[in-house]
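For reference, the structure is listed below as structure tokens.
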Amino acid sequence: MSTAIPSSRDAAPALPADLLTTAELHEHWQDEIDAVYVYTRLAPRMANPEERRALEEIAREEEGHRDYFGAMLAQREGVRAPPAPTRRARAFVALSGVLGARLILAILRVSEGREVARFLREAARIPDLATRAPQLVAIARETAAHAQRLGHLTGVRGDPWHRADAGGVIRNVVYGFNDGLTANFGLIAGVVGASVTREIVLLSGVSGLVASAFSMAASGYLAATSQREVDANEVNVQRAELLLWPEREEAYLATLYQEKGLSESEARVAAHRVMGDPEVALRELSREKLGIGGDEASPLREGVLTGLATTVGALVPLLPYLAGGGLTAAVSSFAISMAAHFGVGAARSLFTGRGWFRSGFDMFAVGLGVAAVGYGVGWLLTGILPAG
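Structure (structure tokens):
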């Protein structure tokens with residue numbers, strides 16, 4: 012019989028330092044402070060009553076999480092005023108007015124997933140965590156429920172703490188933006204290295220933007236289309252297997268269910284029931300054997316989204332040249348492009364699990380390398396190619 016887990020709002024004894032360090036408690040506390048700030052401000056902006064109520068309920072639970080970690084820190088360090096919400100949390104609220112609350116909810120779903128992943132890492136490190144700190148486990152469960160609820164609101168299935176489910180729409184935006192930024196930054200650095208006029212820089216930059224956007228849009232569309240065709244072919248093969256040797260597929264399901272914990276007789280009964288409906292059997296076998304199931308990516312959506320993100324990224328190094336030219340535009344283009352490289356690198360950490368600073372610095376280094384190579388090639392070709 013399972014042990015009941017108390018609410019995270021119940022009184023709790025202090026957490027021993029071997030469970031969570033003071034630094035880890037501070038990280039959790041700051042995350043909960045940010046969550047309360049964001050959800051309480053996004054909730055009134057939701058036009059749909061169901062979405063508004065959902066965010067209000069999440070905000071109330073996050074307040075309980077915040078108070079719990081604050082109390083744990085107070086037992087170690089004494090009562091202190093809570094820190095202010097981070098700039099990241101404030102940016103989420105500000106961007107919701109520009110990008111729309113729904114896109115911000117998709118980002119928050121991934122953030123909740125990262126918090127769950129942290130709890131899971133702590134649980135893996137401390138096998139008896141559930142018995143020694145049941146309230147911490149209650150918070151982890153509530154956080155997981157928040158991520159799933161946000162997934163319901165945004166139409167995304169799966170658990171975001173698994174890397175295979177890294178956030179579909181947001182992932183395409185980040186990688187499309189990154190491709191447009193890097194490609195056009197290198198192109199513009201190259202023509203700047205050739206000491207050409209502002210008009211040539213603008214022409215090259217706009218041409219690179221259009222080419223990158225259409226190329227990435229086409230790639231996104233074709234990739235989604237190809238994947239859909241491959242999946243459809245695999246499902247058709249599985250359908251044929253069900254027709255040719257149903258007993259073999261039933262035996263496969265029975266073995267699978269045994270591996271999941273059913274007894275041999277229970278597994279045989281469950282497999283037989285599933286095989287009683289050909290469509291149910293096809294879906295089950297497609298999911299378990301082929302990993303095919305759930306929502307399919309729309310090729311048109313993938314193409315448009317990737318193309319638009321690439322356009323925005325490619326526009327970044329071009330912006331200063333829309334206002335002027337010369338050394339000021341070149342320096343400004345370099346500065347905002349390098350800042351954007353760091354930002355998109357930090358954003359990619361949402362999907363890779365790496366630290367945001369290390370991921371941002373890596374992309375910063377890539378941008379610096381692209382600029383150096385592009386500028387160097389332009390400068391060299393100026394001396395090699397004939398004038399006029």
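When we follow this note's numbering, the leftmost residue of the sequence shown carries the number 12, and every step to the right adds one. Ideal placement from N, C-alpha and C gives every residue a C-beta, glycine not left out.
(request) Please report the Cβ distance between G320 and V221, rounded to the nearest whole angstrom; I am assuming they are in contact, meaning their Cβ atoms lie under 8 Å. (result) According to the sequence shown, residue 320 is Ala rather than Gly. 15 Å between Cβ atoms; not a contact.
(request) Pick helix, strand or coil for K271, following the three-state DSSP scheme. (result) coil
(request) Please classify W40: is it buried, with 16 or more other beta-carbons within 10 angstroms of its beta-carbon, or exposed? (result) buried
(message) Here's a check: name, in chain order, each residue in its chain whose Cβ is nearer than 7 Å to the Cβ of E299, leaving out the five neighbours to either side.
(response) L267
(request) Compute the Euclidean distance between the alpha carbons of A177 and S206, then round it to the nearest angstrom. (result) In this prediction, A177 has a pLDDT of 45, which is less than 50 and means its spatial position is unreliable; nothing more can be read from the coordinates.
(message) Can you check which of these residues, R77, A144, A82, is closest to D29 by C-alpha distance?
(response) A144
(request) Ignore the nearest five residues each way along the sequence and tell me which others in Q249's own chain have a CB closer than 6 Å to its CB. (result) L296, S297
(request) Evaluate H157 with the Cβ neighbour count: other Cβ atoms within 10 Å of its Cβ, from every protein chain shown; 16 or more gives buried, anything less gives exposed. (result) buried
(request) Could you please give the first and the last residue of the uninterrupted alpha helix (DSSP H) stretch that includes R136? (result) 112-136
(request) State buried or exposed for A175, treating a residue as buried only when at least 16 other CB atoms are found within 10 Å of its CB. (result) For A175, the predicted structure reports a pLDDT of 44, less than 50, and the residue's modelled location is therefore unreliable. A value from the coordinates is still provided. Classification for A175: exposed.
(request) Return the residue from the list Y50, M57, L198 that minimises the CA-CA distance to F345. (result) L198
(message) Less than 6 Å between C-beta atoms, sequence neighbours within five positions excluded: which residues of the same chain meet that for N189?
(response) V355
(request) State the DSSP-derived secondary structure class of D29, mapped to helix, strand or coil. (result) coil
(request) Measuring alpha carbon to alpha carbon, tell me which of L164, V241, E133 ends up nearest L66. (result) L164
(message) Using C-beta distances below 7 Å, list every residue in its chain close to A134, excluding the 5 sequence neighbours before and after it, in chain order.
(response) L140
(message) So, for A358: in the same chain, excluding its five sequence neighbours on each side, which residues have a beta-carbon less than 6 Å away from its beta-carbon?
(response) V185
(message) Here's a check: name, in chain order, each residue in its chain whose Cβ is nearer than 6 Å to the Cβ of L329, leaving out the five neighbours to either side.
(response) G216
(message) Can you tell me whether L237 is buried or exposed? The criterion is at least 16 other CB atoms within 10 Å of its CB, across all chains shown.
(response) The sequence given here has Ser at residue 237, not Leu. Under this definition S237 is an exposed residue.
(request) Quick one: measure Cβ to Cβ for G201 and V388, integer angstroms, because I've assumed they're closer than 8 Å. (result) 5 Å
(message) Applying the 10 Å Cβ sphere with the 16-neighbour rule, what's the burial state of H283?
(response) exposed
(message) Would R120 and L53 qualify as a contact pair, given that the criterion is a beta-carbon distance under 8 Å?
(response) no
(request) State yes or no: is the beta carbon of H37 nearer than 8 Å to at least one beta carbon in chain D? (result) Reference to chain D is not applicable here, since this structure consists of a single protein chain.
(message) Can you give me the C-alpha to C-alpha distance between L84 and V90, rounded to a whole angstrom?
(response) 8 Å
(request) Could you give the DSSP three-state label for T208: helix, strand or coil? (result) coil
(message) Let me confirm a value: N195 is counted as buried when at least 16 other C-beta atoms fall within 10 Å, else exposed. Which label applies?
(response) buried
(message) Please tell me whether A151 and V127 are closer than 8 Å, where the distance is taken between their beta carbons.
(response) yes
(message) Please report the straight-line C-alpha distance between S276 and E88, rounded to a whole angstrom.
(response) 57 Å
(message) Taking the alpha-carbon of L192 as reference, which of Q146, E252, M349, T339 has the nearest alpha-carbon?
(response) M349
(message) Just verifying my parser: in three-state terms, what is the DSSP assignment at M57?
(response) coil
(request) Tell me whether V381 sits in a helix, a strand or coil according to DSSP, three-state version. (result) helix
(request) Please report how far the alpha carbon of I137 lies from the alpha carbon of L214, in whole angstroms. (result) 59 Å
(message) If you reduce the DSSP assignment to three classes, tell me which class T339 lands in.
(response) helix
(request) Could you tell me if L116 is buried or exposed, where buried requires 16 or more neighbouring beta carbons within 10 angstroms of its beta carbon? (result) buried
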